[in-house]
Amino acid sequence: MKILDLTLKDMLRAFRSLFALVMMFVAPLLITGLIHMAFGGSGGEEESFNLTTTRLLLVNEDVGLDQSDFLAGDHVVAFLQDERLADILAVEEVSSWAEARIEVETGTAGVALHVPANFTQAITSADAQSKVTLYYDSTLSLGPAIARDVVQQFMDSFSANSVLARVTKHEFEAQDLTFSAEQQAALMAEFGTGLAALNEAGAGGTTIVDAGVQTTNKGSLEHVMASTMAGMLIFFLFFTGMSAAQSILTDEEEGTLARLFTTPTSSAVILGSKLLYTFLILLVQSIVLILVSQVLFNISWGSPATIIAAIMATILLASGFGLAIMSFVENSRQAGPIFGGVLTVSGMLGGLFTTGMPNIPSAWETLTLFTPHGWALRCWQTTLDGVMLSQAWQPFLITTLIGFALFIFGVLRFRRRFA
Amino acid sequence: MTEEHALIVKGLEKDFGDIHAVRGIDFSIPKGDIFSLLGPNGAGKSTVISMISGLLEPTAGDALILGHSITTAAMPAKTALGVVPQDLALYEDLSARENLAFWGKMYGLRGRKLQLRMDAVLEIIGLAQRQKGRVEKFSGGMKRRLNIGVALLHEPQILILDEPTVGIDPQSRRKILDSLKDLNARGTTILYTTHYMEEAQELSNQIAIMDNGEIIAAGTHAELTRIVGEYDRVELTLDGSSELVRESWMSVAGIHGLSAENGLMTLLVDDSNTVLPRLFESATDVGVRITSVEIYEPNLETVFLHLTGRALRDKA
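Same order as they appear, the protein sequences are chains A and B. Just so we're aligned, residue 1 is where the first sequence starts under the numbering used here, counting upward by one. Just so we're aligned, residue 420 is where the second sequence starts under the numbering used here, counting upward by one.
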């Protein structure tokens, strides 16, 4: 019964502290929320993670070839107007290049693209040259870059075939065979038709279009949010774990710990209450953060069994880590800098601040294995991936073992200290 | 002897490495008495209190609290004690009532009994009107009173107070001393440590004077002052070097003790009327002027000076 009285007293004090409440609940949600907003996630579910759509004015003056209906400029237009790029580019055809430029200069359009009259001729001929002009607002980056890449890729396809046509012509001429300009144009026109067919079927330009589509994928935002929230959850659980361990030092300095030892209360109950308090406060923090983040950021945390396992493993690790670190600290004045330094560095090395980022180097991933935080993060990543506990129990076991070892180490040091 | 005594201390010792903080002390407190441990800071009083209240393990010796050994039956011994530590030991972010409720539970009080005891203690310490206020908003005196109140909740048979009046205003000190007398009148045995001889003198039936970890004298106030007989304590303020007069005064007949600190000379003399003219004369001889003279009847300060050659308050 006394152990509960002691625990409730500590919990009451913690929940009365505005600083503790902010660090337990507000800070992790706020940081994740800021990242959520930075990725455009503030406009509700339908607008989640939309890149700003760039208005592109296209002046297509391509006149094609006399001998063929093939118009490469039309293919450029069709390519840019593909519905899969609609979230990024709003393409409008206009007739005047000068007006299009003015619109870019006045900021009403982001990009203007000029396809010259000899465009088809240039890309179907071995000799002719054409200049496609991209005029854009230099303060914009993503929209013009995508437009440039799309056009570039489109033209690269033609250029490759143009080179092929030239080589073929050269070989024909070397063998005294005729390969007229008409034949060359017909070949390119056929290629263009084929390209258009492929594009309509969804195979043309897949690389660039798919890349664009992937960035607008709602699942990607959820992944970033979930990973970020998991990182914040772990970081702030460790923070609370360390704060809870620090309360032993605070009690010692306030004289209340010594006074407790003068009451008929055993030291085992006193230390046990601190451990129970740490467990309960971390449990409350975990549950609140998981539930609130689920509502606020639409995070799907995975199966209940895996979530419970991740919570338990992380709580044990966070409390063990806090206890072990605090057992080396003499007083709460020392605790402040150690607290901040150890948590920040270990959190950073554990990958808690980079968890939402793509393309993390494998060396960094390996480095995280040497920190407790890295293992806790693996538990939560497993949970978020929806993997069942039975299929990926290793990180949970390792996290629990590390937590247990740190916990025992900390308890032994504190027991010796208060013996 | 055990049944008549609330507390018996036998050969209690405490070493911290090479430092002998307490060197085998013995004393006993009859039930219903107030016993004061008087001594300068660093004399070992708090170490004795810490061992009796279970905070420190004795290097040797034992203490029996209502017959329970602090070394072999710590829990029943602690149950009989109410301990008021020298420094405040309260949760500042809890209210006065919440503090009392928590500490009451640590002594096993629950439910209605706890509520009644909290109400009673709040009345005793004069904080009934401020019981819902957070301790961090309290004045120093109010905190001191609450610090004492915590130790009264479970109606301990023995109350141990370690310098409970340090650093508080005279009004709060008066309230605390009156409360302690009142508690004692209701049968509570009190062990009180202080370096204020006036408090020891006012409160105690028995006084033990400690210095350097030892009890150098013990008894009632009357018994202790008898040690110095009819000596007067004379305090003189000098306008000049105390070293110069010190040597010449040591040879003056009728002086039994002399200490000099911060320009204040304290002397124990047989008869101040006889001795004082000689002191003036020899001071004039060495060119030192006496600027003030105070003469006191024998008291505990005189006893301490007589026994140690040092003034008690100088070390406070």
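Beta carbons are placed, not taken as given, at the ideal position from N, Cα and C, and that holds for glycine. In this text, all values refer to a predicted model and were calculated from it rather than measured experimentally.
What residue does the beta strand (DSSP E) around Met-684 of chain B start on, and which one ends it? 683-688
Identify whether Gln-334 of chain A lies in helix, strand or coil by the three-state DSSP scheme. helix
Are any of the Cβ atoms in chain B nearer than 9 Å to that of Met-1 of chain A? yes
Which chain A residues sit within Cβ distance under 9 Å of Phe-557 of chain B? Near Phe-557 of chain B there are no residues of chain A at all, since even the closest Cβ is about 15 Å away, more than 9 Å.
Please report the straight-line C-alpha distance between Phe-409 of chain A and Ala-245 of chain A, rounded to a whole angstrom. 13 Å
Using the Cβ count rule (16 or more neighbours within 10 Å means buried), how would you classify Met-1 of chain A? exposed
List, in chain order, every chain B residue whose beta-carbon is nearer than 7 Å to that of Gly-255 of chain A. Pro-504, Asp-506, Leu-507 and Ala-508
Using a C-beta to C-beta distance shorter than 7 Å, which residues of chain B count as neighbours of Phe-235 of chain A? What Phe-235 of chain A touches in chain B: nothing, since even the nearest Cβ is about 26 Å away.
In terms of residue numbering, what span does the beta strand (DSSP E) encompassing Ser-678 of chain B cover? 674-680
Within 9 Å of any Cβ in chain A, is that where the Cβ of Glu-542 of chain B sits? no
Taking 9 Å as the cut-off, decide whether the C-beta atoms of Gly-659 of chain B and Val-707 of chain B are in contact. yes
What residues in the stretch 466-478 of chain B bring their beta carbon closer than 7 Å to a beta carbon of chain A? Ser-472, Gly-473 and Leu-474
Taking 9 Å as the cut-off, decide whether the C-beta atoms of Glu-633 of chain B and Ile-444 of chain B are in contact. yes
Using a Cβ cut-off of 9 Å (strictly closer), state whether Tyr-526 of chain B contacts chain A. yes
Cβ-based burial, Lys-131 of chain A [other Cβ within 10 Å; buried from 16]: exposed
Considering only the beta carbon of each residue, do Leu-610 of chain B and Leu-580 of chain B sit closer than 9 Å? yes
Which of the three DSSP states, helix, strand or coil, is assigned to Gly-632 of chain B? coil
Could you give the distance in angstroms between the alpha-carbon of Gly-560 of chain B and the alpha-carbon of Asp-506 of chain B? 12 Å
In this structure, how does DSSP classify Thr-7 of chain A when only helix, strand and coil are distinguished? helix
With burial defined as no fewer than 16 other Cβ atoms inside 10 Å of the residue's Cβ, what is the status of Arg-564 of chain B: buried or exposed? buried
For His-373 of chain A, which of helix, strand or coil comes out of DSSP? helix
Just the C-alpha distance for Ala-575 of chain B and Val-22 of chain A, rounded to the nearest angstrom, thanks. The amino acid occupying residue 575 of chain B in the given sequence is Pro; Ala does not appear at that position. Looking at the two C-alpha atoms, the distance is approximately 42 Å.
Distance between beta carbons of Ala-679 of chain B and Arg-665 of chain B, contact taken as under 8 Å: 6 Å
Give a yes or no on whether 9 Å exceeds the smallest Cβ distance from Asp-481 of chain B to chain A. no
Cα separation between Ile-626 of chain B and Thr-612 of chain B? 10 Å
Is it right to say Phe-414 of chain A is buried, meaning 16 or more other beta carbons lie within 10 angstroms of its own, or is it exposed? buried
How is the alpha helix (DSSP H) around Thr-314 of chain A delimited, first residue to last? 304-326
Return the residue from the list B:Ser-667, B:Leu-724 and B:Gln-620 that minimises the CA-CA distance to Ile-453 of chain B. B:Gln-620
Can you pull the chain B residues whose beta carbon is under 7 Å from the beta carbon of Ala-258 of chain A, in chain order? Leu-474, Pro-504 and Ala-508
Contained alpha helix (DSSP H) runs [length at least 4] in the stretch 636-670 of chain B, N- to C-terminal order: 640-646 and 661-669
Is the shortest distance between the beta-carbon of Asp-512 of chain B and the beta-carbons of chain A less than 9 Å? yes
Counting only the same chain and skipping the five closest in sequence on each side, list residues whose C-beta sits under 8 Å from that of Arg-417 of chain A. Ser-327
Identify every run of the beta strand (DSSP E) within the stretch 214-270 of chain A, keeping only runs that are complete inside it and at least 3 residues long; order them along the chain. none
Please list, in chain order, all residues of the same chain as Trp-97 of chain A whose beta carbon is under 7 Å from its beta carbon, the five residues on each side excluded. Val-59 and His-114
In chain A, which residues lie less than 7 Å from Thr-607 of chain B when you measure between Cβ atoms? Result: empty, since nearest Cβ-Cβ is about 17 Å, beyond 7 Å.
Determine the closest residue to Ser-670 of chain B out of B:Tyr-650, B:Ala-702, B:Gly-682 and B:Leu-683, with distance taken between C-alpha atoms. B:Ala-702
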